[in-house]
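Enquirer: Sharing a structure below in structure tokens format, with a few things to ask.
Numbering (UniProt numbering), first residue to last: 1 to 520.
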């Protein structure tokens with residue numbers, strides 16, 4: 001199979017950069033349900049724009065290109081050892097060419113391999129079958145949504161829903177709770193795959209395999225088909241909304257599978273996937289290694305528009321409120337930012353930033369707790385972002401740069417704000433009470449950028465000024481970026497207000513309406 005490596009490389013590029021047609025239609029359907037003048041409406045508009053930019057530029061839709069996970073069916077007699085070598089070579093090429101971010105990190109040393117190879121990465125599942133073609137499926141599932149996967153052991157007592165028993169109604173409660181607990185941290189509106197039964201390992205595998213189903217298919221098991229329809233109808237009544245901003249659209253797809261279990265165990269495993277639902281597949285000729293057929297409809301030419309008049313969109317990013325109670329302001333700020341400017345901001349305001357900002361994720365936050373920063377951070381902006389970077393003779397260039405999930409930095413963020421005088425933190429999904437208290441005491445804000453909009457934000461970055469801590473690896477290094485027109489929404493302000501806390505409280509109250517049995 002002399003062309004197999006090239007086929008896998010092309011599969012990786014297509015998966016990373018071009019959202020499939022069924023996913024695009026789901027996004028368009030979600031947009032049609034959301035008022036474009038709301039924060040969630042803005043988020044969906046930005047997502048739609050980012051999808052088109054990624055395809056046009058053949059660049060990653062999201063900067064977190066995730067854990068490459070392959071499920072491969074081969075005819076009897078195919079050399080899987082050689083196939084694995086070709087897959088590894090294709091992974092290295094795709095990483096070098098900026099189609100994948102180097103994401104493979106040694107769990108003990110924290111060292112990034114730099115090429116996406118290492119123990120356990122990529123994930124490759126081989127299965128034999130009696131067909132005469134090779135079926136290769138790939139999913140790129142990012143860490144933010146992977147962290148919102150959840151597994152339930154029934155019977156269980158669930159917040160807002162009461163007892164979940166070992167029956168279809170208990171399963172229903174688990175899946176609704178899975179959507180609730182993800183809030184905006186998994187880049188909602190998302191897709192979920194649920195696995196009923198198995199053990200703790202196979203249950204999660206079954207859940208992830210559901211994500212390879214097509215969005216528009218119908219479950220052949222009648223009870224599960226009814227369950228999927230029920231979840232799609234009712235999960236959006238929780239009011240979580242896109243990015244957790246509150247709104248009408250929290251879920252874009254739900255697929256459920258079932259397998260046998262031990263009498264003593266009853267697991268419901270839920271794999272949560274962000275809106276950037278990147279999966280694709282190919283049928284390959286086993287004699288040549290060439291692609292004979294793409295298994296999911298290409299997104300090329302399929303619009304994520306919902307048919308409404310484009311002129312109805314607000315000209316101000318983020319204008320309006322999901323409850324239509326207040327109107328947002330647009331505020332332009334240049335770094336470094338004064339405490340006075342920060343304290344003038346309120347939840348819902350749209351901040352348009354220019355000047356220098358600094359990326360920082362888990363490794364940097366841990367480091368800064370006990371060390372000085374390499375640059376002056378007084379009045380500065382920290383961006384929770386692990387970009388995709390490329391280097392040539394002119395220096396470093398940003399290929400993708402959307403926000404990462406911020407809640408991981410909750411143990412550090414408040415202390416770092418106080419220690420260095422940071423005025424703004426940019427990320428997605430919001431942060432907790434410790435950070436909110438620090439913002440109030442020291443004069444700071446949390447700005448929620450649109451998760452997954454890696455091309456949209458990369459365009460705002462005009463220059464890479466410098467980089468520190470490359471020993472942490474590209475995603476975890478501290479990149480000093482010159483930005484212009486970088487828009488994000490204030491969701492936690494210096495007055496003790498948090499949109500994230502409000503939406504979670506509201507959705508928790510709405511969750512209780514689903515407590516009573518539905519499936520007898």
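Even glycine gets a Cβ: it sits at the ideal position worked out from N, Cα and C.
#1: Which value, in whole angstroms, describes the spacing of the CA atoms of residue 172 and residue 288?
#2: What residues are listed by DSSP as bridge partners for residue 258?
#3: Would you kindly check if the distance between the Cβ of residue 448 and the Cβ of residue 243 is under 8 Å?
#4: May I ask you to report which of helix, strand or coil DSSP gives residue 310?
#5: Is the distance from the Cβ of residue 103 to the Cβ of residue 65 below 8 Å?
#6: Relative to the C-alpha of residue 401, which candidate in 30, 63 and 4 has its C-alpha closest?
#7: Kindly identify the DSSP beta-bridge partner or partners of residue 356.
#8: With distance defined between alpha-carbon atoms, name the residue in 153, 269, 108 and 170 nearest to residue 195.
#9: Specify, as a first and last residue, the run of the beta strand (DSSP E) that residue 136 falls within.
#10: Rank 348, 204 and 368 by C-alpha distance to the C-alpha of residue 152 and give the top, closest one.
#11: Which residues bound the beta strand (DSSP E) around residue 426?
#12: Residue 400 bridges to which residues according to DSSP?
#13: In whole angstroms, what separates the C-alpha of residue 193 from that of residue 127?
#14: Starting from residue 123, follow the beta strand (DSSP E) in both directions and report where the run begins and ends.
#15: Based on Cα-Cα distance, which residue from 266, 368, 341 and 370 lies nearest to residue 197?
#16: Leaving out the 5 sequence neighbours to the left and right, which residues in its chain are closer than 8 Å to residue 251 when beta-carbon positions are compared?
#17: With DSSP run on the structure shown, which of helix, strand or coil describes residue 330?
#18: Got a sec, what are the start and stop residues for the beta strand (DSSP E) residue 280 sits in?
#19: Label residue 125 either buried or exposed according to how many other C-beta atoms from any shown protein chain fall within 10 Å of its C-beta, with 16 as the threshold for buried.
#20: What whole-angstrom Cβ distance do residue 406 and residue 429 have, given they're in contact under 8 Å?
#21: Are three or more beta carbon pairs between the region 487-496 and the region 217-225 nearer than 8 Å?
#22: Which class does residue 63 belong to by DSSP, given the choice of helix, strand or coil?
#23: Looking at the secondary structure, which residues open and close the beta strand (DSSP E) in which residue 467 lies?
#24: Taking only the alpha-carbon atoms, compute the straight-line gap between residue 282 and residue 181 and give it to the nearest angstrom.
#25: Between residue 48 and residue 23, what straight-line distance do the alpha-carbon atoms span, to the nearest angstrom?
#26: Return the residue from the list 70, 272, 133 and 388 that minimises the CA-CA distance to residue 120.
#27: Assuming residue 299 and residue 18 are in contact, meaning their beta carbons sit under 8 Å apart, how far apart are those beta carbons, in whole angstroms?
#28: What is the DSSP secondary structure of residue 7, counted as helix, strand or coil?
#29: Which term fits residue 358, buried or exposed, when burial requires 16 or more other beta carbons within 10 angstroms of its beta carbon?
#30: Reducing DSSP to helix, strand and coil, say where residue 56 ends up.
#31: So which of 95, 422 and 207 has the shortest CA-CA distance to residue 391?
#32: Going by beta carbon distance, what residues of the same chain come within less than 6 Å of residue 53, once the five residues before and after it are set aside?
#33: According to DSSP, what are the bridge partners of residue 73?
#34: Whose C-beta lies closer than 8 Å to the C-beta of residue 296 among residues of the same chain, with five residues either side of it excluded?
#35: Quick check: is the beta carbon of residue 376 nearer than 8 Å to any beta carbon in chain C?
#36: Assuming residue 162 is part of the beta strand (DSSP E), what are its boundary residues?
Expert: On the basis of the supplied data:
#1: 46 Å
#2: 196
#3: yes
#4: Since pLDDT at residue 310 reaches only 45, below the 50 mark, its modelled position is unreliable, and no value is offered.
#5: yes
#6: 63
#7: 482
#8: 269
#9: 134-141
#10: 204
#11: 424-427
#12: 388
#13: 21 Å
#14: 123-128
#15: 266
#16: 179, 188, 189, 190, 191, 192, 231, 232, 235 and 236
#17: strand
#18: 278-284
#19: exposed
#20: 6 Å
#21: no
#22: coil
#23: 461-468
#24: 34 Å
#25: 11 Å
#26: 70
#27: 5 Å
#28: helix
#29: buried
#30: helix
#31: 95
#32: 455
#33: 127 and 135
#34: 20, 21, 22, 214, 279, 280 and 281
#35: In the displayed structure, chain C is absent; only one protein chain is listed.
#36: 162-164
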